[in-house]
Structure formats: structure tokens, C-alpha cells
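Per the numbering used here, the sequence shown runs over residues 5 to 229.
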Amino acid sequence: MSALIQSIVRQAKITFLKKPCNETEVNKLYKLVQQLTAADVGIGDALFKRLPQYPAPVLFIPVYDHEDFTITIFVLKQGRRIPMHNHPGMTGILKVLLGTARVESFSPIPPPSQSAFSYFFGKKPKPGTYALRHDPISVSASDDPCRLAPERGNIHEVLAGDGPVAFLDVLAPPYHNGERDCVYFKLLPDDENSPNEKCFLREIPAPEDFWCNTLSYEGPTIEEN
Ligand SMILES: [Fe+2]
Numbered sequence: 005m006s007a008l009i010q011s012i013v014r015q016a017k018i019t020f021l022k023k024p025c026n027e028t029e030v031n032k033l034y035k036l037v038q039q040l041t042a043a044d045v046g047i048g049d050a051l052f053k054r055l056p057q058y059p060a061p062v063l064f065i066p067v068y069d070h071e072d073f074t075i076t077i078f079v080l081k082q083g084r085r086i087p088m089h090n091h092p093g094m095t096g097i098l099k100v101l102l103g104t105a106r107v108e109s110f111s112p113i114p115p116p117s118q119s120a121f122s123y124f125f126g127k128k129p130k131p132g133t134y135a136l137r138h139d140p141i142s143v144s145a146s147d148d149p150c151r152l153a154p155e156r157g158n159i160h161e162v163l164a165g166d167g168p169v170a171f172l173d174v175l176a177p178p179y180h181n182g183e184r185d186c187v188y189f190k191l192l193p194d195d196e197n198s199p200n201e202k203c204f205l206r207e208i209p210a211p212e213d214f215w216c217n218t219l220s221y222e223g224p225t226i227e228e229n
């Protein structure tokens, strides 16, 4: 029997071959990712014990890169975060493997319509996006994976609160410089206390306290076919 991660790669190739991908195929992939454990990708609590030896707040473990999708593991030290960012036009599945993550998601929405006067004489719009803010959720290894789609939950922040967190991300299509760039955002202060409401997310440069050390994938070998 082949390893679960091998089945996930095989299904991801089928799911993301067709563009845009169809819901039935994404669900098949989701059901496989749902079963995934830390042991299935060669990580465990021993990795958390080694965290102090890495200077970066976040570890990045590339599992599988394909022209249509990427599979990656992120490990966040306690109290550290992957800052609020988008996944332009992308579909994603996020499975927590170790620890508990706090995930806050936003769904982009169109800007409110402007009057002709403000359009011509008003201030230039700030770079950013309007979004619907969803309630933050706590996600552990025993929970179902989170999903994101181009219009649903496409912007999120992932925080390791009470201890370190490891999660696996399947993203399709992959980020691509100049074509599908990762943009970082911050909530404007006025909107900080309004879950489930419309808000404006201001585009910001990549936060300086977010950087990664890259580790090799040490799980089961993934065959090409
Ligand atoms: Fe993300």
C-alpha cells in the first residue's frame, strides 16, 4: 500500500490538472488530507524540541513542488505567526499536524460603490482590499482541515498561541513572482473589533519579523507516478 502523502500527491495532480478545478475533485483531495497525521510526513514532537536551534520564527519544509500545486509544511514557534496574507486566485487546504493554531480568515469583497464626485475629486484609494472578517478559529491535529478558495477565506493569518504549531498547506496554483504574488495586509485600527463584518485590509510590505529557515522533507519518498 502506498503512503498517504503519495496518494495526496497523486490526487492533487488529478484535482488541479483542470482549471478551474472542480469541487468534486477538490473534495476527494480534502478527504485524503483530512486523514493526514504528522507521522505520515515524517515529523513529530522531536522537531518541536529542536526548534530553539533555528534562528527563524518559522520553519519551511517543501514537501512537493509541481507546476499546478505545491505541498509545504510550516512550523511556527510559540507566539509567532504567519502574517495576514492572500492567495490570489488560489485554492487551498490547510491541515494542522501538531499543536493548535489560531486561524483568522477574511473573504475579499468588492469595494463599496463611489459617487461620481468622490471618484473624480476624492482621495486616491489606499492600496488594499475590502473583506468580510470571519470569526477566528482554533484548529488542532484532530480537527478537519481549513479550506480556502479565490473568493472564500482567501486571506488569513495563522498564529501559534500556546505552543508551537506544524501544519501542511496544499495550494494551487502555486505562488509565482510577478504573476501570483503573496501580498501582506493589516487591519486598519478602526476595524479591529468587528468580527463578521466588512473591513478594509491595508496592503503592507512583508513584515520584517516574519522569515523562515528551510528544512528538508524527511517523510516517505514521493514517487513521480
Ligand atoms: Fe496561507
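Note that the Cβ used here is the ideal one computed from N, Cα and C, for glycine as well. Fair warning: this is a prediction, and the values are worked out from it, not measured in the lab.
(message) Based on DSSP bridge pairs, tell me the residues matched to residue 180.
(response) On the sequence shown, position 176 is the one that residue 180 refers to. Looking at the DSSP assignment, residue 180 forms a beta bridge with 184.
(request) Helix, strand or coil for residue 51, going by three-state DSSP, please let me know. (result) The residue given as residue 51 occupies position 47 in the sequence shown. Three-state DSSP puts residue 51 in a helix.
(request) Return yes when at least one heavy atom of ligand 1 lies under 7 Å from the C-beta of residue 138, else no. (result) Counted from its first residue, the sequence shown places residue 138 at position 134. The answer is no for residue 138.
(message) Measuring only from the beta carbon, is residue 160 closer than 7 Å to any heavy atom that is part of ligand 1?
(response) The sequence position of residue 160 within the sequence shown is 156, counting from 1. Correct: residue 160 has its Cβ closer than 7 Å to ligand 1.
(message) Here's a check: name, in chain order, each residue in its chain whose Cβ is nearer than 8 Å to the Cβ of residue 215, leaving out the five neighbours to either side.
(response) Translated into the one-based positions of the sequence shown, residue 215 becomes position 211. So the list reads 60, 61, 62, once near-sequence residues are dropped.
(request) Taking the CB atoms as reference points, tell me whether residue 154 and residue 88 lie closer together than 8 Å. (result) Within the sequence shown, numbered from 1, the residue matching residue 154 stands at position 150. Within the sequence shown, numbered from 1, the residue matching residue 88 stands at position 84. The answer is no: Cβ separation not under 8 Å.
(message) Would you say the beta carbon of residue 89 is closer than 7 Å to some non-hydrogen atom of ligand 1?
(response) For the purposes of this step, residue 89 is identified with residue 85 of the sequence shown, where counting begins at 1. True, at least one ligand heavy atom lies under 7 Å from that Cβ.
(request) Please report how far the alpha carbon of residue 230 lies from the alpha carbon of residue 108, in whole angstroms. (result) Past the edges of the chain, shown from 5 to 229, lies residue 230, and the structure says nothing about it.
(message) Can you tell me whether residue 246 is helix, strand or coil according to DSSP?
(response) It is not possible to answer for residue 246, since the shown part of the chain is limited to 5 through 229.
(request) Would you mind giving the Cβ-Cβ distance between residue 98 and residue 171, rounded to the nearest angstrom? I have them listed as a contact below 8 Å. (result) Working through the sequence shown from its first residue, we reach residue 98 at position 94. Working through the sequence shown from its first residue, we reach residue 171 at position 167. Confirmed, about 6 Å.
(request) Write down every uninterrupted run of the alpha helix (DSSP H) in the segment 93-117 whose length is 4 residues or greater and which is fully enclosed by it, in chain order. (result) none
(request) Please say whether residue 7 and residue 44 have beta carbons closer to each other than 8 Å? (result) Residue numbering aside, residue 44 sits at position 40 when the sequence shown is read from its first letter. Residue numbering aside, residue 7 sits at position 3 when the sequence shown is read from its first letter. Contact flag set, yes.
(message) Which of the three DSSP states is assigned to residue 146 in this structure?
(response) Taking the sequence shown and counting its residues from 1, one reaches residue 146 at position 142. Residue state, collapsed to three classes: coil.
(message) Do residue 169 and residue 210 count as a contact pair if the criterion is CB distance below 8 Å?
(response) Taking the sequence shown and counting its residues from 1, one reaches residue 210 at position 206. Taking the sequence shown and counting its residues from 1, one reaches residue 169 at position 165. Cβ distance not < 8 Å, so residue 210 and residue 169 don't count as in contact.
(message) What would DSSP say about residue 87, mapped onto helix, strand or coil?
(response) Position 83 of the sequence shown, counting from 1, holds the residue named residue 87. The answer is strand: DSSP assigns residue 87 an E or B state.
(message) Across the segment 76-92 and the segment 172-179, are there enough close Cβ pairs to call them in contact, namely three or more that are closer than 8 Å?
(response) yes
(message) I'd like the span of the beta strand (DSSP E) that includes residue 164, first residue to last.
(response) For the purposes of this step, residue 164 is identified with residue 160 of the sequence shown, where counting begins at 1. Residues 159-164.
(message) Considering just the uninterrupted stretch of the beta strand (DSSP E) at residue 210, what are its terminal residues?
(response) Start at 1 with the first residue of the sequence shown, and residue 210 comes out as number 206. Taken as a continuous stretch (DSSP letters only), residue 210 belongs to no beta strand (DSSP E), as it is neither H nor E.
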